[in-house]
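A.B. asks: I am attaching a structure below and will ask some questions about it afterwards.
Okay, here's the thing in structure tokens:
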């Protein structure tokens, strides 16, 4: 019998546990039923979805690092209409919880359009807005690097939605706190951080970049300390829940991230290395809680800030 | 079904220049067809190495791999008795159900490895196959004897022509007529595969490769555009039908 309480609450939505596979590493969820029953998860965030189908970038899209990987997949996805018409019905047959909808856009109008459509889906519990994508009307500079623009995106999507809006932030900025505060001031219900860090690798055999796009997003255990630091900083400056993501691959790191200020966590790259990774973390969480004499996960959120 | 388990190294020996053959003992029940691959979790490396299965039976699987970087270098130094974590049953292998009685198997370099298991399966099904294999030089040849015992195996060498004018596998393929084969299976470097598809007189299928990550079609790190939409080489491939591939 479990004597520990793993439940957490995100914007009035109670999750059985804080474990949420991250967008881009878990498809539309149902594909993982071949590995384990995904209903054991708190929830999951589906593949980043854009207004129109996207083919993504040419190969190579992946380069290895000593403690992670760099990807330049380029948001390959079937587009929001196909997701709503085909992917969500497939998911509904096997997943009996609400899902987090990861929404991307290349313009403000795209964000508004996509969020409005996905807001009407009963299966969606939270809309996660990915502002790391390039703004085609803003010199292709990512939305997420400017606190005013992020605030504007937040405000506009809040106007057309009823579900909680969580903004997923890019760490490739000078001051993450300013951006998170701007989200909160403009009505965001939560913050997800961090997305991948920009990085690159060069192939010594050719002297040329490995990735077709030269640069990509670095993820994996190597980014964990940076993610934790950003969660810690943002927690001190906003009152909305934070989902911590970045290099988490164990129940110990889940707990650490929660002490820093996360209410829940997302597991990304760990699923790429081992399809069972998120399932193993769910299984392991009660044992690690007992080891550190944690009876309720809710009670440790932000605990590292206590005097 | 996919199985991620620990496998014991039974043998790990050099079989050609920079090429090693590793025999692993463990659960092989997830391996369905020739042309599939496995993800090898090399100690100390973050991402698994996708390596095609050269041969497998009820209790062991055999991987042929070329030392091309740090990961395969580490693998080459492992010794019998050591344990490796491997994710098995990955990818879409060669189609053995096509209506073909005398297929031709075409392999280039390391692309010859998965043809070994394919040839064994074709022999079991009493097919009359022809094999064409090409290598850079004599020291690169793999599985010559094994393949030659099953079917006629024509070998070409880029650097040391066996006979005048014959350097590439496609030079031999060109000499075959429609009565010589009714289907083809090919695995090797991309330019070779494209040339085979251009020259071949029949339908067929090719095994492609790329840098990969998850091995189960989820991270989209190995997606390519085909005539049937976007496909991941690790799940929908590595073997694709000739008419699906956009070169």
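Chains as they are written, first to last, in our numbering: chain H, 1 to 307; chain Y, 1 to 247.
Just so you know, even glycine gets a beta-carbon here, dropped at the ideal spot from N, CA and C.
(1) Spell out whether any CB of chain H is found under 9 Å from the CB atom of residue 218 (chain Y).
(2) What does the Cβ neighbour count give for residue 71 (chain H), buried or exposed, with the cut at 16 atoms within 10 Å?
(3) Between which two residues does the beta strand (DSSP E) containing residue 135 (chain Y) stretch?
(4) Go through its chain and collect everything with a Cβ distance to residue 231 (chain H)'s Cβ below 7 Å, but skip five positions before and after it.
(5) Just reading off the beta strand (DSSP E) that residue 246 (chain Y) is part of, what are its end residues?
(6) Could you list the residues in the region 219-247 of chain Y with a C-beta less than 8 Å from some C-beta on chain A, going in chain order?
(7) What is the DSSP secondary structure of residue 117 (chain Y), counted as helix, strand or coil?
(8) Would you mind reading off the limits of the alpha helix (DSSP H) that contains residue 10 (chain Y)?
(9) Examine the Cβ distances between the region 22-32 of chain H and the region 92-108 of chain H and report whether three or more of them are shorter than 8 Å.
(10) Quick check on the burial criterion: 16 or more other C-beta atoms within 10 angstroms. Buried or exposed for residue 214 (chain H)?
(11) Measure the alpha-carbon distance for residue 191 (chain Y) versus residue 227 (chain H) and round it to whole angstroms.
(12) Go ahead and label residue 287 (chain H) buried or exposed: buried means 16 or more other beta carbons lie within 10 angstroms of its beta carbon, across all protein chains shown.
(13) At least one CB of chain H closer than 9 Å to the CB of residue 45 (chain Y): is that the case?
(14) Decide if residue 235 (chain H) is buried, meaning its Cβ has at least 16 other Cβ atoms within 10 Å, or exposed.
(15) DSSP beta-bridge partners for residue 198 (chain H)?
(16) If we ignore side chains and look at the alpha-carbon of each, how far apart do residue 100 (chain Y) and residue 184 (chain Y) end up?
(17) Within the 9 Å Cβ cut-off, does residue 308 (chain H) reach chain Y?
(18) Please compile the residues from chain Y whose C-beta is within a distance smaller than 7 Å of the C-beta of residue 55 (chain H).
(19) Quick check on the burial criterion: 16 or more other C-beta atoms within 10 angstroms. Buried or exposed for residue 204 (chain H)?
(20) Could you check the C-alpha separation between residue 42 (chain H) and residue 68 (chain Y) for me, to the nearest Å?
(21) So within the region 263-298 of chain H, which uninterrupted beta strand (DSSP E) runs reach at least 3 residues, ignoring any that extend past its ends?
(22) So the alpha helix (DSSP H) residue 232 (chain H) belongs to, where does it begin and stop?
(23) Using a Cβ cut-off of 8 Å, pull out every chain Y residue sitting near residue 27 (chain H), in sequence order please.
(24) Rounded to a whole number of angstroms, what is the C-alpha to C-alpha distance between residue 240 (chain H) and residue 45 (chain Y)?
(25) Does the CB of residue 22 (chain Y) have a neighbour CB from chain H at under 9 Å?
(26) Report, in whole angstroms, the separation of the C-beta atoms of residue 110 (chain H) and residue 50 (chain H), which I expect to be a contact under 8 Å.
(27) Should residue 211 (chain H) be counted as a contact of the ligand ADP given a C-beta to heavy atom distance under 8 Å?
(28) Would you check if the region 91-111 of chain Y and the region 275-295 of chain H touch, i.e. whether three or more CB-CB distances between them fall below 8 Å?
(29) Considering residue 6 (chain H), what are the terminal residues of the alpha helix (DSSP H) in which it resides?
(30) Mind pulling the chain H residues with CB within less than 7 Å of residue 119 (chain Y)?
(31) What in chain Y is Cβ-close to residue 61 (chain H), meaning under 8 Å?
(32) Kindly identify the DSSP beta-bridge partner or partners of residue 32 (chain Y).
(33) Taking buried to mean at least 16 other C-beta atoms within 10 Å of its own C-beta, is residue 218 (chain Y) buried or exposed?
(34) Within the same chain, show all residues whose beta-carbon is closer than 6 Å to that of residue 216 (chain H), passing over the 5 residues directly before and after it, in chain order.
(35) Name the chain H residues that come within less than 8 Å of residue 4 (chain Y), Cβ to Cβ?
(36) How about residue 310 (chain H): is its C-beta nearer than 9 Å to some C-beta of chain Y?
C.D. replies: On the basis of the supplied data:
(1) yes
(2) buried
(3) 130-135
(4) 193, 242, 244, 257, 260, 261, 262
(5) Counting along the chain, residue 246 (chain Y) falls outside any beta strand (DSSP E), and DSSP gives it neither H nor E.
(6) The chain inventory of the structure shown lacks chain A, comprising the protein chains H and Y.
(7) helix
(8) From DSSP, residue 10 (chain Y) is part of no alpha helix (DSSP H) but of the beta strand (DSSP E) over 3-16.
(9) yes
(10) exposed
(11) 43 Å
(12) exposed
(13) yes
(14) buried
(15) H:217
(16) 9 Å
(17) Because chain H is modelled from 1 through 307, residue 308 (chain H) falls outside the range shown and cannot be assessed.
(18) 225, 230
(19) exposed
(20) 41 Å
(21) 264-267
(22) 224-235
(23) 217, 218
(24) 38 Å
(25) no
(26) 7 Å
(27) The ligand ADP is absent from the structure shown, which contains no ligands of any kind.
(28) no
(29) No alpha helix (DSSP H) contains residue 6 (chain H), which DSSP labels as neither H nor E.
(30) Ordered by position in chain H, no residue passes the 7 Å Cβ test against residue 119 (chain Y), which lies about 29 Å from the chain.
(31) 211, 220, 221, 222, 223
(32) Its beta-bridge partners do not exist; DSSP assigns none.
(33) buried
(34) 70, 71, 72
(35) 274, 275, 276
(36) Summary: the structure shown does not reach residue 310 (chain H), with chain H confined to residues 1 through 307, and so no result is reported for it.
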